[in-house]
Structure formats: C-alpha cells, structure tokens
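Engineer: Structure provided below as structure tokens; questions to follow.
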Amino acid sequence: MIKKTTPQINKGVATPKSINTSFVRKRKKVLSVDTIVQGILAGNRLMLSKAITLIESTKPAHQTKAQAIINLCLPHSGNAFRLGITGSPGVGKSTFIETFGQFAIQENKQIAVLAVDPTSQISKGSILGDKTRMMHLSTHSKAFIRPSPAGNSLGGVARKTRETIILCEAAGFDLIIIETVGVGQSEIAVHSMVDFFLLLLLPGGGDELQGIKKGIVEMADLIAINKADGENATKAKQSKSAYRNALHLLPPQESQWIPKVTTCSGLANIGMEEIWKQLVLFKKLTKENNFFIKNRKSQAAYWLHETIQNQLKQLFYDNPTIKAALKITEEKILAEELSPFQGAEDLMKLFKS
Ligand code: GDP
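Next comes the structure, spelled out in structure tokens:
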C-alpha cells in the first residue's frame, strides 16, 4: 500500500529545476547576528543552541560572531538566579537536578542546566556524562539542558559556560543551574559565576570529607546530604548534625548568610521544598543587604581578569616562534643546561621582541 502511493507523492513535490537547492541550503545555515539575537530574545531554543555552538567554536569568525551576539544579549541578561551544584561523581547530581528541576518548574520557573566539566576532553567519556541524564527534564518544554563545552583548559571551558549563562538569561530562563564535579579546580570557577553554591554529599561521618577538599565545604551556601532515603535516612541525619557543627567553626561569610545543612533524596523526591526555601531566603537576604549585586560585580571583574589571562596565555603558546623555541628551551632545562627561570625569561624576551 505504502509502496504504491510513495512514488506518486514524490512526483507531486519534486523540486523544480529552476530552484538551486545548494543555495537554499546555504541560506538556511548562515544566520545573521540580528536574526539569532531576535530568536534568543523570543525564547527560540534553536537559536539559543546555535549561538552556544558559536561560543563553543574555535573558529575566529565564529568567535567574533558569538561576541557580537553576547554583547547584544547582555542588556537582557542578569535576571536569573544562578545556582551552582557540585559533588563527587556518583553523589547523585543528575538525579537531584532531574527532581529539583521539576520542582522549580512547578514553582513557575524556566530552567537551564549547564555544566563545567574540564575532564570530558581528557577522559573522552565525560564524568558529567553521556549517560542518559535527566530524562524527564531534557524533554520538558520549560527546561533547557546543555552538556559541558569541550576544551582542554578549565579556563576555556568555564569562560564558555559563563558566556552561555548570558544567552540563557536573555532567552528568558530564570533559574540557571551550573553543575560541576567535586574533584578539582572547577568548583572555584563555578563558584565565581553563581549566586548560590550547593554542595551535595553522601551520608557518612562528618569528619571525612569524602574526597572533597575542605575549601569546597567553605564555599558552600548549603550542604545537602543526598540519598537520605531508606536505610540511609538515619545516617544522613547524623551527618547533617556533624556538618552543622563543622560549619559553625567557619568564619562568617561576607554575605551574612549562615550556611545551612539539610538532607535530601533526588531519587525519592525528599527535601526539595526545604532546599527551595533556602534559595529564597538567601536571595531575600542578599538582595536586601546588597551582597547579591556586589557579588555579581566582583564576579564580572574576576572574569575580566580571567579572560585576559587566558587570552595572553593562548597568545604566547600559539606564537610560532615561541612554539619552536619552547621545545629547545625545554630540552636544555631537562639536560640541566639552563634553569627554568632563565628559560622563561629568555622566552618572554623573544615574545616581546
Ligand atoms: P552523579 O554522577 O553525581 O550525577 O550521580 P547520578 O545522579 O548519576 O547517580 C549515581 C547513582 O546513584 C545512580 O545509580 C543513582 O540511581 C543513584 N542515586 C542518585 N540519587 C539517589 C538518591 O537520592 N538515593 C539513592 N538511594 N540513590 C540515588
């Protein structure tokens, strides 16, 4: 039946010879900055995705276009609440975001989930994973999920995510979740781009830091002991009081916010309301005492310097003269013919000449 009708349909819709299909296809691909920006401001996901792809591209022409888009989106950004979430692999971040994200949608928010995972390039399979994550959220009309940009430097990956936040906000998302893994420097980068930092931990002793550096605990505005379900519930409660005691020992925060500890379960949908309540309280306090805006401003200054430093570094290492000289200098240092400091000075002189 189908076989019989298909040729007839093809015949009817055949492209007239006068239309140059390659031209049509080409026109579809190259969108102007204005078209993309208008699309983003209208909340068009496809345009948002295209713009993020430009941000992530290494081609200079794409980067120029991306910067133009960001500049035009900037006046329309800044209105979202930016929530950072960190925790060791397996602590339950994606399960938590899946549940918490749906809670936020019920609270009338549109949410974007971004990630900073500099390991994805090295390990090929990212820690924040290609595994099917956030199944419900990823198909929800009020959610937008974008995996971590690829890149071999944390600075580059983080900058791209920072820029993506601007676009997502311009597109009307009012809760931006930025996820990262609690295994390295990436928390510092994420902490410097969010309003609120949530650390997920597993039920366990309060003393052991579960492979998480103490500095990360100090950055947290809220610690949530996750997987507080079933047999783990009691253990989670014990952890909660242990961490609460530990947090008392930390110096007061500039925000005047006292970091909280709570328990939750992404899998069993427990504790979402309490976490939501803490975000609301934090926002209220820091808007009233002006920390919210002050923090955003100092973050902007931080990203200015970060970006300059990264670009200077790139300029140096991409320089063909330096590339050749660096190899020779390295060999001399390994052969103990040259000190690393003298080597650096010689290369800098060469770079500046
Ligand atoms: P991620 O690596 O931090 O993103 O962690 P996942 O969300 O992928 O979860 C890792 C494993 O822990 C999976 O097998 C989940 O089913 C399980 N898990 C996640 N959240 C919970 C939870 O709240 N309770 C329990 N019992 N298991 C969970």
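With the working numbering as the guide, the letters of the sequence shown map in order to residues 33 to 385. Note that CB positions come from ideal geometry on N, CA and C, so glycine has one too.
Give the C-beta separation of LEU254 and ILE307 to the nearest angstrom, bearing in mind that I take them to be a contact with Cβ-Cβ under 8 Å.
Structural biologist: Contact between LEU254 and ILE307 holds, since their C-beta atoms are separated by about 7 Å, short of 8 Å.
Engineer: Kindly indicate which three-state DSSP category ILE290 falls into: helix, strand or coil?
Structural biologist: coil
Engineer: Report the CB separation of ALA256 from THR212 in whole angstroms; it is logged as a contact under 8 Å.
Structural biologist: Distance from ALA256 to THR212 at the Cβ level is roughly 15 Å; contact not present, criterion being Cβ atoms closer than 8 Å.
Engineer: Could you check if SER120 belongs to the surroundings of the ligand GDP, using beta carbon to heavy atom distance under 8 Å?
Structural biologist: yes
Engineer: Note down the Cα distance separating PHE135 from LYS141, rounded to an integer number of angstroms.
Structural biologist: 9 Å
Engineer: Check whether the Cβ of LYS269 lies closer than 8 Å to any heavy atom of the ligand GDP, and answer yes or no.
Structural biologist: no
Engineer: Per DSSP, what kind of secondary structure is PHE205 in: helix, strand or coil?
Structural biologist: In the three-state reduction of the DSSP assignment, PHE205 falls in the coil class, being assigned neither a helical nor a strand state.
Engineer: When you measure from the CB of ALA392 to every non-hydrogen atom of the ligand GDP, does any distance come out below 8 Å?
Structural biologist: Any property of residue 392 remains undetermined from this structure, which presents the chain solely from 33 to 385.
Engineer: According to DSSP, is ALA333 helix, strand or coil?
Structural biologist: Of the three classes helix, strand and coil, the one that applies to ALA333 here is helix, per DSSP.
Engineer: Taking only runs that begin and end inside the segment 85 to 131, name each unbroken alpha helix (DSSP H) of 4 or more residues, in chain order.
Structural biologist: As far as the segment 85 to 131 is concerned, its whole alpha helix (DSSP H) runs of at least 4 residues are 92 to 105.
Engineer: Please work out which residues of its chain come closer than 7 Å, Cβ to Cβ, to LYS36, disregarding the five sequence neighbours upstream and downstream, and give them in chain order.
Structural biologist: Unreliable positioning characterises LYS36 in this predicted model, as indicated by a pLDDT of 44, which lies under 50. A coordinate reading is not provided.
Engineer: For ALA74, which of helix, strand or coil comes out of DSSP?
Structural biologist: coil
Engineer: Taking DSSP as the reference, what is the three-state secondary structure of VAL213?
Structural biologist: Shown here, VAL213 sits in a strand according to DSSP, grouped into three states.
Engineer: Out of LEU313, ASN277, VAL69 and MET251, which has the shortest C-alpha to C-alpha gap to SER109?
Structural biologist: VAL69
Engineer: DSSP puts PHE229 in a beta bridge; with which residues?
Structural biologist: DSSP lists GLY116 as the bridge partner or partners of PHE229.
Engineer: Quick one: is TYR275 near chain D, going by C-beta distance under 9 Å?
Structural biologist: Among the protein chains of the structure shown there is no chain D, as only one such chain exists.
Engineer: Cβ of MET79 within 9 Å of Cβ of LEU63?
Structural biologist: The answer is yes: Cβ separation under 9 Å.
Engineer: Would ASN23 pass as a contact of GLY119 if the rule is Cβ separation under 9 Å?
Structural biologist: The first residue shown for the chain is 33 and the last is 385, placing residue 23 beyond what the model contains.
Engineer: Out of CYS296, SER287, GLU201 and PHE323, which has the shortest C-alpha to C-alpha gap to SER271?
Structural biologist: CYS296
Engineer: Taking only three categories from DSSP, how would you classify THR151?
Structural biologist: Coil, per DSSP.
Engineer: Distance, Cα to Cα, THR127 vs ARG178?
Structural biologist: 16 Å
Engineer: Since VAL145 sits in a beta bridge, which residues does DSSP pair it with?
Structural biologist: ILE177 and ILE209
Engineer: Give me the residue from ILE102, ASP66 and GLN285 with the minimum Cα distance to LEU199.
Structural biologist: The candidate whose alpha carbon is nearest that of LEU199 is ILE102.
Engineer: I'd like to check one pair, PRO283 with ALA252: are the Cβ atoms closer than 9 Å?
Structural biologist: no
Engineer: Beta carbon of VAL222: closer than 8 Å to some heavy atom of the ligand GDP?
Structural biologist: No, Cβ of VAL222 sits at least 8 Å from all heavy atoms of the ligand GDP.
Engineer: Answer yes or no: the CB of LYS259 versus the heavy atoms of the ligand GDP, is any distance below 8 Å?
Structural biologist: LYS259: yes, Cβ under 8 Å from the ligand GDP.
Engineer: Taking the alpha-carbon of PRO121 as reference, which of SER185, LYS97 and LEU234 has the nearest alpha-carbon?
Structural biologist: Nearest of SER185, LYS97 and LEU234 to PRO121, Cα basis: LEU234.
Engineer: Can the beta-carbon of PHE383 be found less than 9 Å from the beta-carbon of ASN351?
Structural biologist: yes
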